[in-house]
Amino acid sequence: MILNGDRGDANGPTALDVALQQMNEAADLIGLDESTRKMLSKPKRTLSVSVPVRMDDGTVEVFDGYRVQHSLARGPAKGGIRFHPEVTMDEVIALAMWMTWKCAVVDIPYGGAKGGIVVDPRKLSIGEIERMTRRFTSEISIIIGPDEDIPAPDVNTNPQIMSWIMDTYSMERGYSIPAVVTGKPVEIGGSKGRADATSRGCVFTIADLASRIDMQLEGTTVAVQGYGNVGSNAAIMLEEMGCKVVAVSDVEGGIYNSRGLAARSVADTVDEAGSVVHYPDAERCTNAEVLTMDVDILVPAALENQITSSNAPYVQAKIIAEGANGPLTPEADVILRDRGCIVIPDILANAGGVTVSYFEWVQGIQSLAWTAEQVRRELKRRMDAAFDAVYGWAQEEGTDLRTAAYVIALQRVARAITLRGLYP
Ligand code: GLU
1 MILNGDRGDA NGPTALDVAL QQMNEAADLI GLDESTRKML SKPKRTLSVS VPVRMDDGTV
61 EVFDGYRVQH SLARGPAKGG IRFHPEVTMD EVIALAMWMT WKCAVVDIPY GGAKGGIVVD
121 PRKLSIGEIE RMTRRFTSEI SIIIGPDEDI PAPDVNTNPQ IMSWIMDTYS MERGYSIPAV
181 VTGKPVEIGG SKGRADATSR GCVFTIADLA SRIDMQLEGT TVAVQGYGNV GSNAAIMLEE
241 MGCKVVAVSD VEGGIYNSRG LAARSVADTV DEAGSVVHYP DAERCTNAEV LTMDVDILVP
301 AALENQITSS NAPYVQAKII AEGANGPLTP EADVILRDRG CIVIPDILAN AGGVTVSYFE
361 WVQGIQSLAW TAEQVRRELK RRMDAAFDAV YGWAQEEGTD LRTAAYVIAL QRVARAITLR
421 GLYP
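Numbering of the sequence shown is given in my numbering, commencing with residue 1 and proceeding in unit increments.
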């Protein structure tokens, strides 16, 4: 089992090492000036909070929480909040940095942020999760807001938790402020199409790439690591497009069926029994095996540092679409490139979520609801435009897609910094 957060290999790089290396390689390539590089190497603002929570048994537990704003150069900070036992400040900084590039790649007017609480939510009751979420929101309310920093769902957080964030922030100010958070339920100002937007965007990029390299998606085999919101919806959508999903996994392990799994039934099994491993019509395999399965397309949709120099030589997929943030290390990138595997990088492949978050925020500010069709059309337009720009640059310069995406993002962020100038 290698679902181990940002630790990766025992001596491997952390998520922050990876994020900085990726940025520096792109910065070298475009000859980014030293002062901009120095500024972007550090988060603009970090907040570390203690979150005391009254537990169901009457005792008080204190959780560590973080909110990081990496850059505000292109607009308010934007990014999710995760609940995970291996969250660290460095991990949250890396994730905030990736949000800066992601928002720039799809050209939405945001900087990057991220938040997290060090907790295993599976060990908490629903009431405890609500109280922890509300107190965390109150603690970080000094830096979040619809014009400042807008949280959203991430690993182990969902629309219900976004509702509590919205409500807590609104209660403290005395009126409803829906645009303080995205990924809310539709009934209280969420956007249609937000719940599966990350997966939809990911599938758009896979389809875009497939058409460029003349690959038919019909009958193509797929493996998905992680069966949360991103992984499960990606599997369901790829199956709808004619792909055969043969292997999937989650924290408890993997399942495999060469004839294909029924992606939606697997999701139902997760809802009912808590894990993909309880799906009856499949053989068991490990999480590690899912990554090296003989498939055409691999979607790592779990955590960082899952494909490293140790397992990259055994990866057989022709295409990897990074549903998760930071699932590949730079060493793995090099190995896979040499093996002819095309990687659609996280800052492009999973940007559909934050793109529809942007639509939700715009709808919230205007008190106006878009139709599902409008959301889907606008998401496709933006994802296709971003894919075209990235793929085009990579073709022209002979680079991989990650390098191209980073160059485009870095140039946009650097331009904003130059135009705004250095205060005071
Ligand atoms: N957590 C998601 C991500 O990593 C979505 C962030 C957002 O919608 O703000 O992209």
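Don't be surprised by glycine CBs; every beta carbon is placed ideally from N, CA and C.
- Item | Identified DSSP bridge partners for A223 | A247, L298
- Where does K318 sit, in a helix, a strand or coil, going by DSSP? coil
- To the nearest angstrom, report how far apart Q316 and L328 are at their CA atoms. 15 Å
- Message: Just to check my reading of the structure: V51 and V62 have Cβ atoms closer than 8 Å, yes? What is that Cβ distance to the nearest angstrom?
- Response: 7 Å
- Heavy atom of ligand 1 within 7 Å of S191 beta-carbon: no
- Query: When you compare only the Cα positions, how much space is there between N233 and L422?
  - Reply: 43 Å
- Item | Distance cut-off 7 Å: P109 Cβ against heavy atoms of ligand 1 | no
- Message: At the level of alpha carbons, what is the spacing between V155 and S35?
- Response: 33 Å
- Identify which residue in P109, D28, V245 has its Cα closest to the Cα of G260. V245
- Distance, Cα to Cα, V224 vs L298? 6 Å
- Query: So, are the CB atoms of N350 and G326 less than 8 Å apart?
  - Reply: no
- Message: Considering only DSSP beta bridges, list what H84 is partnered with.
- Response: V118
- Jot down the residue ranges of each uninterrupted alpha helix (DSSP H) in the segment 332 to 382, minimum 4 residues, whole runs only, in chain order. 346 to 349, 352 to 366
- C-alpha distance - R412 paired with V60, whole-angstrom precision: 46 Å
- Does any heavy atom of ligand 1 sit closer than 7 Å to the C-beta of N350? yes
- Message: Within the continuous alpha helix (DSSP H) that includes P159, where are the two ends?
- Response: 159 to 173
- Message: Going by the DSSP bridge assignment, what does K78 pair with across the sheet?
- Response: G112, I150
- Task: Give the C-beta separation of M99 and K78 to the nearest angstrom, bearing in mind that I take them to be a contact with Cβ-Cβ under 8 Å.
- Result: 6 Å
- Message: Taking 7 Å as the cut-off, is the C-beta of A94 nearer than that to any heavy atom in ligand 1?
- Response: no
- Query: When we look at the beta-carbon of R173 and count the other beta-carbons within 10 Å, is it buried (16 or more) or exposed?
  - Reply: exposed
- Message: Any heavy atom of ligand 1 closer than 7 Å to the beta-carbon of K102?
- Response: yes
- Task: Using alpha carbons as the reference points, say which of I344, F359, R382, V375 lies closest to Y391.
- Result: I344
- Item | Cβ-Cβ distance between I140 and S163 below 8 Å | no
- Could you give the DSSP three-state label for L32: helix, strand or coil? coil
- Task: Report yes if the C-beta of G231 is less than 7 Å from at least one heavy atom of ligand 1; otherwise report no.
- Result: no
- Is it true that the CB of I93 sits closer than 8 Å to the CB of P151? no
- Message: Taking 8 Å as the threshold (C-beta atoms), are G201 and P153 in contact?
- Response: no
- Message: Just to confirm, is the Cβ distance from Y66 to G115 under 8 Å?
- Response: yes
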